[in-house]
Structures are given as C-alpha cells and as structure tokens.
Amino acid sequence: MDREFSSSFGGEAAAGASCSRFHVRLVDEPPEYEPPPLAAGEDGVSHIQRFEFGFQNRGDSLRADGLYHPCDTLSSSYLKTFGHNTADRVPRIDFYRNTGSLSGVKINRPSLADLHEELKGDILSIPGTVDGVANGDGAVDAGRKPSANKDELVRFGWIKGVLVRCMLNIWGVMLFIRLSWIVGQAGIEFKKILMNISTINAAAITFGGMPFGPSCTAKARYPLDLHPRSGLGVVIILLATVVTSITGLSTSAISTNGCVRGGLGVVIICLSSVVTVLTGISMSAICTNGVVRGGGAYYLISRSLGPEFGGSIGLIFSFANAVAVAMYVVGFAETVVDILKENNVLMVDPISDIRIVGCITVVVLLGITVAGMEWETKAQVVLLIILLIGIANFFVGTVIPSTIEKRSKGFFNYQAQVFVENFGPSFRDGESFFSVFAIFFPAATGILAGANISGDLKDPQAAIPKGTMLAIFITALTYIAVAICIGATVVRDATGSVNDTISALISCNGSAACTLGYDFSGCNTQMCSFGLMNNFQVMSMVSGFGPLITAGIFSATLSSALASLVSAPKIFQALCKDNIYKGLYFFGKGYGKNSEPIRSYILTFFIAVAFILIAELNTIAPVISNFFLASYALINFSCFHASYSKSPGWRPAFKFYNMWVSLLGTVLCCAVMFVINWWAAVITVAVVLSLNIYVIYNKPEVNWGSSAQAMSYVTALQDALSLTGVNDHIKNFRPQCIVLTGSPKSRPALLDLTLSFTKNFSLCICSQVFMGPRKQTVNDMNLSMDNYQQWLSRNKKKAFYAAVAGDNLRDGVKCLLQASGLGRMKPNTLVIGYKRDWRTANPQDVENYVGILHDAFDFEYGLIILRISQGLDISRILQIQEELQRKEEEKIALEAVKKDEQEHGKPGIRSLKFLNKAVKYSSNTLAVNAQKDFKISAGHASDFNQRLLEASTRFQMNQGKGTIDVWWLFDDGGLTILIPYLLTIRKKWCGCKLRIFIGGKLDSINEEKRAMAALLGKFRIQCADIKVVGDVNMKPSKESWKRFEELIEPYQLHEGSKDPATAEILLKQHPWKITDAELERFKDKTYRQVKLNELLQENSRSANIIVVSLPIARKEAVSSYLYMAWLEILSRNLPPVIMIRGNQKNVLTFYS
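If you count by the working numbering, then the sequence shown holds residues 1 to 1152, one letter each, in order.
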C-alpha cells in the first residue's frame, strides 16, 4: 500500500531526524530480511528501501554542491541497479513523447556519449537530470513548457464522445421511414438474419472482451484487453455467422414450404452487417496501437498506410461529410415542408421552401458548432433523448389496442397470422435483392462518428473501440426489435377504408387480413396507400402518439447533420495541418482552447449550402455513400497491412482481430460499393487513385512510420534473402559501384558519371572516409549519415551513402571494400577520382592512394579511375559559397536591424526584438537565394574556378552527338567495353557512338579488325568504327619522352651516379623514390604509356569521353610514383578519360 511521508535534514542531524527536503512516496515494501550491519557513522541509514521521488526526475537525489542528503541512498548496488545518483535515468514516459506532445513535456534522456565517454562535468548537467530539466539544458525541446490551460480543454468520455454519436448516426431516418418498407419487401426473416448476425458479432466483441472476474485489476489499461489468443475473436465471429446462417436457411425452407427465397439473407450477412462489425474490429485494433489524435478516419488511415492513401481518403471523406450535412438537412426540410403543405402554410413553393428551411437550419447548426464542442455535445444528448422517446413511443403503440381506423390501414397489434405472412420476402415493383440491400445499407453506417472527433476525446484508445462496438450492439438490437414488431403487427397491403370488412358469410382468401376480418384484395388490382409496402409513415401510424415519431425524425436528421458538420471540419483541419496538399494549409488554423477549426467550419457551411440550394441530391447520394465505404475499406486494409508487414511497432491492445478477417472486410466493402451503384463506385475509385497519384508525385515530407514503410522493408529483405539463393550468372552481371566521392557534394562529376551507368540499374554507394582523432571523426560521421542520404534523395541521386572512420584513407577504403553490400547486392567495382595533386602531396598520401588501387585488385574488384583536366573536387568552391552566404546573412541582418531602428527611433543594435526580426528576415532571404542557385560575386573571382564548376556539372547535361572512344587494349573480362556500352543506352549519352581502338600488328590489321568485329557482333554491341593501332609498342617521340623525364625527375633516386653507401642511405631515407634499376626494368612499359598518350592525342582529341585500359602495376615492384607517372602521362591534355580495368573475370557472354 502506498504511504507518504516527509523528512527534513539540517546540518549534522542524526539518523533518526525527520527529512523535509524531498516529498517521498514509498511505492513498494522491501523484502523482509535481516539487513547486514553498517559501520557507525557511514550514512546513518540502517536499511535500504526503494523509493519513487515526487519531483520531476523521480529519484535523482545528488545535489549540485556535491553534498548528499542523509535520506539519499548510497548503496553501490542500488546506484548501479536503479540508476539514481548516476547519469543513467530510470524509465519514464517523458523520454518517449514526441516533440510538441500535448499530454506532457518531452525530456531527452542522456545520450550514449554522455554515458560512454569520460565524465567531464557534474552529473546534473547531463540532459534528463533534475537541474538539467529545471534550467532547460537540452531537456525540454525548444524550451517548451506544459500548457498552463491544459485542464481547461474540453474532452469527452466514451459515452458522450463515441456511444451517443454513433447511435444517433446509425439510428437515422431509415429507422422511422424506410424500415417498414424493407420488411415488407424482404420479410422478417431477411431482416432478422441480417440484424441477428450484427448483434451477435457486436456482442461477442463488446462483452467477450470485458475483463469480468477476479483476474481483472484496477490497473487494467484498456477495458477490452484480456490478452486472449488473437484467433478467439475470429472464432466467435465465424461460429455466430455459421449458426445464424444455417438457422435462417432452415426457417426459410420451413416457412416457404421448401422454396428458400429468404436464403438471400445469408448473402446480406456478408455484405452488410459483417461489413460494419469487421470495420469496427479493424478500427479498434488500429486505435489501440498508440496514441490517437484528431482526424478520425483520416488519422487512422494516414498513420497506417501513409500520406498517399490517407491524404486521398481524408479529402474525399471530408467532402462526403460536408455534403452529408446537406443531405440530412434536406431530409429535415422535406419533412417540415410536408407538414406546412398539410396545413396549407407554404411560403413560396415546395422546392423553394426546402431551400429556405434548409439554409436556416444549417445556419443554426453552424452556430451550435462554432459555439464549441461542449455545446454541440449537449445538443446531441438532447436529440438522443428525443430519439429514444420516439422509439419508446413506437413500442408502446404496438401494445395499445388498435382502433378501427388503424385496422383499416393494416395495423392489427401482435398477430401470429401477420407474423407468418410477413416472414418470407415478397419483392415487387422491379425491386430485387440488390436494390433493397442498397437502400438498407446506409442504415448500417455511422460507425465512424465517434472516431471522427478523436482529437476531442479524453482517451481515444479506449473510448473508440468500446463506444463503437457497443453502439453497433445496441442499434442492432433496436433494428431487430422494430423489424419484428412491424412485421408482426402490420400487413403488407391495406386500403385504409373502414368499410373493407368481411362478414362471416364470405369465404376468406387465405391472407392474414382476411382471417382478421378485412378484405384488402383490391390492392392486387389497384394502388393502395397503406400497409408496409405502400406507406412510409407506418411507424407514426402504429405509435402511441404520432407527433413524437415526427420529432424522432427531426432528431435523427438534425443529429446526423450536426455530427457531419463537426466531423468534416475536424478531419479537414487534421489534413490541412499535415500539409499534404500545400494549398489547403490555410484551413488548418485552430481557434480557442480546443483549437476549433473555424475556417473549416465556414468552408463546410458553404459546401452544404451549395448542395442545399441544388435540392436534388439523388445523383450525388450514391457517390457519397461510396466515399464512406471507401473509407471503411481502407480502415480494414490498414489493419490487414499493418499485421501482414509484421512490424514490431504493431502491438494493438485490442486482441479480437485477425488480419485475414480484416482483408475479408476490405473485399466486402469494395463489393458493397459496386452492389449499391457501380458507376458511383467507379467514380470513387478513380478519385481515390487520382488523389493518390497526386500525393505520390508531390512526395510530402512526412514520416509517420506507416505499414507501407514496414512492408517495403519486409519485401526488400525477402527479395535480398531470396537473391542469396541464386548463383551469379554472367548474363546478369551489372557494375555495382563503391564511389569514393568523400562528401557526395564535393565531387559531383564522379558521382554523375557513375550514376550514368548505374541509375535504376545497379548498386551505387557514395563513400566517405573520416580521418583524424577518433572521437571527432565518429561524431562527424554519425551526423553526416542522414544528412548526406537526404541530400542524395533531394537531388534525385539514386545512390546510398556510406561512411567509415579510419586512421588514414587506405584503411578506411579497405573496410569499405570488405564490408559494403548485402548478400548478392555487394559492390564489385571501385570508382575513384584521379589524384591530381600527387606531385605536391605528402609521399605517404601517394602511397595510400596507390595502395587503394592494389587493395581493390586484391579483393577482386574492378577499377575505374576518372580524370578531368580541370579536376573533380569542388569542396573549396562550396566553402567559398558558405562563407559568402554567411557574410550576406550578416549584412542583411544588420540592414534589417538598422531599418527597424530608424522606424522605431531606438539607437544601437542591442534590441533583441530587432535582432530576432533581422535573423528571421535574413534566413528567409537566404532560403530564396538558395532556390535561385546562389551565384558567387565577381569580386571573389580569384578564389573561384569557373571552369572547374562547369566541369563538375558536365555529366548532368545531354552530351549531344559525338563519340565515346574505347581503347580496349587488354582483355580484362569485358568491363572496359561494358561500361561505355551502358553509357550509350542512357538518354544523355544516346547521341554518342562507340569507336573501338585495339592494338595489333601492322601486317595483320585487317584480320584483327574482322576478329574484333565478329567478337562485338557476338556480344551484340554496336559500334560506329573499329580501328587497329599497330604502333602501340613503338618508341615515343623524343619530345614526349623528354616531358616524361622532366615529370619524374623530382622523384628519381639516381643511385647509379652515387657510390653504393650513399645510394643505400638515400634509399632508406626515400624508399618511395624511383630507382634507376626500376626505371630500366619497366622501360618498355613506360614507353607504351608515353606512346599511348601520343596516339590518344592524335585519334581521340575530339571525343566526348575516352575509355582506356588501365595499366596494372605489380606490387612491391613498381613504385607508387612511377605508377602515378604512368597514369599522368597516359591521360594528360585529353578530354575526360576513364581508365578501366576489370578483375579478369568474364562480365560478357555471347551464350543465350
């Protein structure tokens, strides 16, 4: 049992002194065991108890001055276990709130770095501690404080907020005006089966889940949460369906002597009552899977299926509710006008009077809703009382002995003959099963009335399931009772004439009326005005006091109109606040303590008035009904999809659901849409899909953790796993690239070229290695991951971003080469930029760069090196842009401050108000500048390389007509020819033709050309020309060789001209330099690179891009500087050059 006590401490108080510094609540008694003795004077506490402290941090008792209170627990085991007096925090709900939560303040728990890194300050300075919260040190997001007026918000419980609203919507005018006609057409049996299944299903869900019995405790969170096996609810539903269906078929066979016309009720079970019950089950599961906010059906669907379906259904559902206001108001106005017509007091004419009464009514309803939800709820309660009185009045009237006038109109009180005659169906006037069903089904809707005001409920998670399912149960019982009473008391046809009686001498024709003394056979030849089939006011005639039924009709129409007038703006406001449709954000603003959507109310009012003035809603009504059904279908599908995605976040407290039953509900809703009106269903589907496509195209920046995201992950994971079971085949080879871009923004040309042959085709990973002190690099890396991936997405770069921290570039790239990828989606090609500054760089950096190339070959990667004469790295330009933006921001801020000072006449710039305005103004201005591609001013031309900037974007543009020259000198498996081929099939490169250059002998040029043509033909690669170069192995010109010698001069050791001892010392001091022996050993290969540059200059100077086979340097034999000299001389003074070398494994095949 909880106990509360207080104690105080002053200076050197004894152990037994009372403590008053903390308000302490003992929440759990300690286990009774003999505590170990403590040394005198250690802390003065003789036993340990577990406490929950009654202030914001719940038990952190360490003082800022480092002193401990004698009531503080100092046990080391206690500190480690429960987290008090440490940086660790105990679990609490505030750590899990969203930013901006209305139910409480979000508090940041200590980060992993706070717990893992060395403690540099006081524990209380860590976010989540007492002082941290009090002082706002990162604990409360954006410095937000709990609302002081939180208790003033009007919130409703499950009875007023859900039960009353749902019952009023389900008890519509159908109950008073059309139910008698439906019983006449379809029979009691039809209606009985129809509503029995609804009753049993709703009862099974509502009361089957109530926690009765000793196992329930006051701590139960949800009244419906028994934690049963999830299949139990499904079993209950299926058993109820089977039993009532068989019973219905059996009774139909008996009553119709084997002609089971009433068996159609079984189909109606699947298409009507089960639809609403299953939708209620799905909605209950979704509502209990987390906090539900305002927005009703839109909120449930959007947070489950994402903004695409949620946005479309939110818009049409809001519109449907707005038009429904007009429908219900017109129904009310028609009844009023009928009364005026009976009393000859029409104002103008019937149509005009409907418009006048309708407009006046909707203005009054708008006034009630604008006054606030509290007034609207009071009005709903009053209307419910009137409705209940009207229903009770009907039941009372059935037992009041009928008068002669009522008997002539077909009312005979309860008679077995009447019940038997009305038991089976009797379709007339072209009516059929589907047409009667289409008229009846709207009576089963209205289950979302409570969910639509979810933002105004105290506890939507508990209120919506309980209130909705109980409303279905109560209204179903009412429909059953009214249907049976009408079918047992009123015959199908009556003349209304008191003279149509039968004397004892006349033989009876076998009808129920005949056996009761009335002859209504005239109705077989002429139209009668009374009876179930002919009079829509049967309930008024049967009731004890007719005007009360009229009041019930008024109550039903007005309550439904009022509910729709509230639902439409609430849903529309939630949709507008999410900003899915940019132009509608204006209507999302709320007013008052309950954030009433006044603007949305006004918009809904004008929509309703527009349709009231039309006064012809027969065409739009089926579309509106289908809009509601589309919402039900998506609610069911949301439940199915969330379950099927197997997301760990799908943990509904409501257990009586099954994903396959929800899928069945989806199918049934769609079927009912087409049963009611096929063309309206087509329009509904078209509207939903159109809005869905619009949202997908605009890609709103929202992330709600939808089941669509979870399903995408599951699908991708399953595909990746299935792919691992498939062996690689040459036909399916595709270059999957690791691109060493560093920051994706810093080398755009390298990324753009790679995407030219990987986009929507194969894997591309932008990689960055963070070098430096481990702590700083890890922090930078963690911050960059999401930022750069989002940058890639915003700029439509179809690539992933990966980063590693390493001591140097080579170690980091080694990690990437070994660990990147997943299963078969593993990189096989390394794309790297040419190291343009190798001659001025640190020798170790050059060693690391060449080492990366060796590592790529060691791990059997293909290698692609891109060189552009202007360079690839534009990070310096980006730095200049950022610096200029910063200076421009300061300038604009100061100008704005100065302007405000002049306007307000206040000297200086110390005014925080002015400075805040300036910063806000400058931020907005800079955002506009960024959208206009911020240009660097001419004053900084010395720091800005315009040619480099242009070169960095050259692969983003269409390449036009030209050539891609491929120098396929060595067979590497085909990667050298595959990459340029992939370029030619892309839109930007499709105007470029392939020209193939190969090495050969001067005396066999034609044969080698034909052989290459045949090989390319087998590979089905088309080229514009094939040229055999026969002088590849000839010596280069003296001028070219001299330039090469000048190139390598600074890096030569020249040990041949020195004595052996000196040479040995130099070699130890400069192991990276080129030795004379090395140069002599690879002289022929060096000649080849120099000669190739001459040939490239001669043949490919005008090409759009050159692809050439990359020379390979043997490890431990060719020095890094000699190899870099080869690459330098090979690609110097040329258009963009791609040097490619495959891993010597086939990537092309000519076999099918």
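Note that the Cβ used here is the ideal one computed from N, Cα and C, for glycine as well.
Take residue i and list the residues in its own chain whose beta-carbon comes closer than 7 Å to its own, dropping the five residues that flank it on each side.
i	result
residue 404	498
residue 577	588
residue 1144	972, 973
residue 692	308, 309, 312
Where does residue i land, buried or exposed, given buried means 16+ other C-beta within 10 angstroms?
i	result
residue 345	exposed
residue 980	buried
residue 593	exposed
residue 1142	buried
residue 376	buried
residue 1062	exposed
residue 689	exposed
residue 1126	buried
residue 1089	buried
residue 1054	exposed
residue 1156	This structure gives no information on residue 1156, because the portion of the chain shown stretches from 1 to 1152.
residue 428	exposed
residue 411	buried
Can you determine whether any heavy atom of the ligand SAH sits closer than 8 Å to the C-beta of residue i, and answer yes or no?
i	result
residue 585	Although the ligand SAH was asked about, the structure shown includes no ligands whatsoever.
Who are the Cβ neighbours of residue i in its own chain at under 6 Å, not counting the five residues just before and after it?
i	result
residue 453	570
residue 832	740, 865
residue 1162	With the chain covering only 1 through 1152, there is no way to say anything about residue 1162.
residue 340	346
By the three-class DSSP mapping on this structure, what secondary structure does residue i have?
i	result
residue 967	strand
residue 1052	strand
residue 293	coil
residue 468	helix
residue 769	strand
residue 430	coil
residue 829	strand
residue 774	helix
residue 995	strand
residue 1103	coil
residue 1025	strand
residue 962	strand
residue 501	strand
How many angstroms separate the CA atom of residue i from the CA atom of residue j?
i	j	result
residue 298	residue 349	41 Å
residue 826	residue 861	11 Å
residue 767	residue 1137	22 Å
residue 158	residue 326	27 Å
residue 49	residue 90	Unreliable placement is indicated for residue 49, whose pLDDT of 37 sits below 50; the coordinate value is still reported in the next sentence. One C-alpha to the other measures close to 16 Å.
residue 415	residue 387	27 Å
residue 1128	residue 869	11 Å
residue 1005	residue 1023	18 Å
residue 888	residue 584	34 Å
residue 359	residue 184	35 Å
residue 840	residue 958	35 Å
residue 1132	residue 715	48 Å
residue 856	residue 968	21 Å
residue 950	residue 772	32 Å
Identify, in the order they occur along the chain, each residue of the same chain with its Cβ nearer than 8 Å to the Cβ of residue i, setting aside the five sequence neighbours on each side.
i	result
residue 1115	854
residue 145	Low local confidence applies: a pLDDT of 45 at residue 145 is under 50, so the model's placement there is unreliable, with the coordinate-based value given in what follows. Hits under 8 Å: 105.
residue 1099	965, 997, 1027, 1029
Who pairs with residue i in a beta bridge, going by DSSP?
i	result
residue 764	737
residue 1109	1140
residue 596	591
residue 987	Beta-bridge pairing links residue 987 to no other residue.
residue 862	829
residue 530	494
residue 1074	1052
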